[in-house]
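Peer 1:
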């Protein structure tokens, strides 16, 4: 992609996933596309991905319904109740997991974080606690997500066919959960404060929010538990392992907060405590920029659109390639170097930093992702030292560590 950018400029024609496509590696053009509504651009995804998501997915719906669903979910993700619940759950799950870590064999950070984050996110989405149903959901979800990037052939035995079958089994469980919640709600057996996303959606009076739409979107919203948040945390550990100065400053900041709260008689931290860790947030921001967990986003033009002298024809797709912008030497000094200190002066709101997308489809869980990464890193650097084994970042079909990021930990002596 970078070679083509050098040959043809920051905006050029290509052909991706069977469609004529304009590729944008220009920050301003990409921002324009992301900020535009359905009168100019609509979502576009590979056929297999669209089929697995379903027509009612928040990733595919448009207009008032998309804004309503996105607003309800985003509002709940910002609610004091969920912030408190996620903070408490993440701390509890991380402590429990880390207490079981052996010092005699390597820990796979990628696997550990996937296990933790999946349970926390599923509880926040549908209220499910660890147990048989959680294990069933996780097993079926792994079968489902394996088909997101696959050949669009829905025949018995194919990857797409198996993934669709797994989704049907998940939908059956989710509809059972929804029906039980509706029954309790109609019987007056629940309070007014929603405890999870399903509670929020079933409390809405719109007839458009069907059980099918709700169950489909719960499955879609589980994807960050596999491909986004765990990878963010894993990459942060990788980059810190190769940057002793950043690791030392991160440890000092987190130890100072922990000791201060201990003197005040507080064993657990709150949402605001974690988000106040400025250097920790800079580490997470730099990991998002350098790691490019979401490499780009596809849209499809519903009319001819002109931006900065470039024509995007009606019916053509446009791929906003974030990776190229985040690694652009004209925007970031030494862009391939992990440098969290750059964010002391950088503006995160600029169009040159878009790790969570943008516009009306900005990821509603971006603050939760930061929180979960902050909590894991806090407990890691205040409880352990570690040595990382050699591992490589794989960028296709999704970003991940080739060997799961093995580290060998040593517990710190309690002060």
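Residue numbers (our numbering): 81 to 495.
Even for Gly, the Cβ is constructed at its ideal location relative to N, Cα and C.
Residue 416 by DSSP, collapsed to three states: which one?
Peer 2: Looking at residue 416 - three-state DSSP - the assignment turns out to be coil, as it is neither helix nor strand.
Peer 1: In angstroms with no decimal places, state the Cα-to-Cα distance between residue 253 and residue 188.
Peer 2: Taking the straight line joining both Cα atoms gives about 30 Å.
Peer 1: My guess is that residue 397 and residue 124 are in contact by the Cβ rule of under 8 Å, so how many angstroms apart are they, rounded?
Peer 2: Residue 397 to residue 124, Cβ: 5 Å. Contact.
Peer 1: Report the option in 89, 81, 430 whose CA atom is closest to the CA atom of residue 96.
Peer 2: Of 89, 81, 430, the residue nearest in Cα terms is 81.
Peer 1: In the DSSP assignment, the alpha helix (DSSP H) including residue 342 goes from what residue to what residue?
Peer 2: It spans 324-343 - the alpha helix (DSSP H) in which residue 342 sits, taken as one unbroken run.
Peer 1: Can you tell me whether residue 497 is helix, strand or coil according to DSSP?
Peer 2: This structure cannot settle anything about residue 497, because the visible part of the chain is limited to 81 through 495.
Peer 1: So if DSSP puts residue 466 in a beta bridge, which residue, or which two residues, is it bridged to?
Peer 2: Residue 466 is bridged to 489.
Peer 1: In terms of alpha-carbon separation, which member of 353, 370, 437 lies closest to residue 378?
Peer 2: For residue 378, the nearest C-alpha among the options comes from 437.
Peer 1: Suppose the cutoff is 8 Å on Cβ atoms and the five residues either side in sequence are ignored; what does the same chain contact list for residue 173 look like?
Peer 2: Around residue 173: 196, 199, 200.
Peer 1: Note the first and the last residue of the continuous beta strand (DSSP E) segment covering residue 386.
Peer 2: That run of the beta strand (DSSP E) goes 385-387.
Peer 1: Within a Cβ cutoff of 6 Å, which residues of the same chain sit near residue 110, ignoring the five residues on either side of it in sequence?
Peer 2: Answer for residue 110: 104, 400, listed in chain order.
Peer 1: Reducing DSSP to helix, strand and coil, say where residue 315 ends up.
Peer 2: Reduced to three states, the DSSP call for residue 315 is helix.
Peer 1: In terms of alpha-carbon separation, which member of 243, 228, 229 lies closest to residue 235?
Peer 2: If we check each option's Cα against that of residue 235, 243 comes out closest.
Peer 1: Can you tell me whether residue 404 is buried or exposed? The criterion is at least 16 other CB atoms within 10 Å of its CB, across all chains shown.
Peer 2: The residue in question, residue 404, is buried, as its Cβ has 16 or more Cβ neighbours within 10 Å.
Peer 1: Would you kindly work out how many angstroms separate the C-alpha atoms of residue 325 and residue 419, rounded to a whole number?
Peer 2: Looking at the two C-alpha atoms, the distance is approximately 10 Å.
Peer 1: With DSSP collapsed to three states, give me the class of residue 178.
Peer 2: Here residue 178 sits in helix by DSSP.
Peer 1: Please report the distance separating the alpha-carbon of residue 347 from that of residue 167.
Peer 2: Going by the C-alpha atoms only, they are around 13 Å apart.
Peer 1: Assuming residue 468 and residue 309 make a contact with CB atoms under 8 Å, what is their CB distance in whole Å?
Peer 2: Contact flag wrong, Cβ pair sits at about 20 Å.
Peer 1: Does the beta-carbon of residue 450 have 16 or more other beta-carbons within 10 angstroms, so that it is buried, or is it exposed?
Peer 2: By the neighbour-count rule (16 or more Cβ atoms within 10 Å), residue 450 is buried.
Peer 1: In angstroms with no decimal places, state the Cα-to-Cα distance between residue 461 and residue 361.
Peer 2: Roughly 14 Å between the two C-alpha positions.
Peer 1: Among the residues of its own chain, which have a CB less than 8 Å from the CB of residue 273, if the five just before and after it don't count?
Peer 2: Hits under 8 Å: 161.
Peer 1: Which one or two residues does DSSP pair with residue 102 in a beta bridge?
Peer 2: 93, 398.
Peer 1: Output the boundary residues of the alpha helix (DSSP H) element that contains residue 221.
Peer 2: Residues 212-225.
Peer 1: Short check: CB of residue 282 to CB of residue 265, under 8 Å?
Peer 2: Yes, the Cβ-Cβ distance between residue 282 and residue 265 is below 8 Å.
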